[in-house]
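K.L.:
Have a look at the structure that comes next, please.
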Amino acid sequence: MKTISFLSAMVFSISALAMSSPLQMSKRTLNLVVASVALDELSQIRSIENAQSDSVLVTYVNAKGVCLVQRVPIVYDELGMAFVPETPLQAPAVCK
């Protein structure tokens, strides 16, 4: 079975830090987290949604026409940087 990898998780984390001092400082950071899910080459991604602060939901239709939802967990390290853990993903659920 031939599979291809798709972009499956994008989380944008924007934080702003403002310091009240004679020099008004503002710092903004943008973090992008990317993971991949192997799908059949005829599968199509329908949506990528931010489910909670610790995961995103990827909705796709597989080659057989079945709609599936895959939860992709997001973890933050001690510096606040987000990443996708290397643990296996849970099995996808059928869309409602």
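Residue numbering for the sequence shown follows our numbering, starting at 1387 and increasing by one per position.
Every residue, glycine too, gets a C-beta built ideally from N, C-alpha and C.
#1: Alpha carbon to alpha carbon, what distance is there between Glu1464 and Cys1453?
#2: Under the assumption that Val1455 contacts Pro1471 (Cβ atoms under 8 Å), give the Cβ distance between them as a whole number of angstroms.
#3: Could you compute how far the alpha carbon of Val1489 sits from the alpha carbon of Arg1457?
#4: Please report the straight-line C-alpha distance between Pro1459 and Ala1468, rounded to a whole angstrom.
#5: Could you check what DSSP says for Ile1434 in three-state terms: helix, strand or coil?
#6: Report the option in Leu1428, Val1447, Tyr1446, Asp1440 whose CA atom is closest to the CA atom of Tyr1462.
#7: Put Thr1445 into one of helix, strand or coil per three-state DSSP.
#8: Skipping 5 residues on each side, what residues in its chain have a beta carbon closer than 6 Å to that of Glu1435?
#9: What does Val1452 pair with, by DSSP beta-bridge criteria?
P.N.:
Put simply:
#1: Counting from 1 along the sequence shown, the entry for residue 1453 is found at position 67. Counting from 1 along the sequence shown, the entry for residue 1464 is found at position 78. In a straight line, the C-alpha of Cys1453 is about 36 Å away from that of Glu1464.
#2: For this step, residue 1455 is matched to residue 69 along the sequence shown. For this step, residue 1471 is matched to residue 85 along the sequence shown. Val1455 to Pro1471, Cβ: 19 Å. No contact.
#3: The first residue shown for the chain is 1387 and the last is 1482, placing residue 1489 beyond what the model contains.
#4: Here residue 1459 refers to the residue found at position 73 of the sequence shown. Here residue 1468 refers to the residue found at position 82 of the sequence shown. Each residue's Cα considered, the two are about 10 Å apart.
#5: Position 48 of the sequence shown holds residue 1434. The answer is strand: DSSP assigns Ile1434 an E or B state.
#6: As a working mapping, residue 1462 is identified with position 76 in the sequence shown. If we check each option's Cα against that of Tyr1462, Asp1440 comes out closest.
#7: Here residue 1445 is taken as the residue at index 59 of the sequence shown, counted from 1. Strand at Thr1445.
#8: On the sequence shown, residue 1435 is found 49 positions in, with the first residue counted as 1. Non-local C-beta neighbours of Glu1435 in its own chain, meaning closer than 6 Å and more than five positions away in sequence, comprise Leu1443, ordered along the chain.
#9: As a first step, residue 1452 is located in the sequence shown; it is residue number 66 there, counting from the start. In DSSP, Val1452 forms no bridge with anything.
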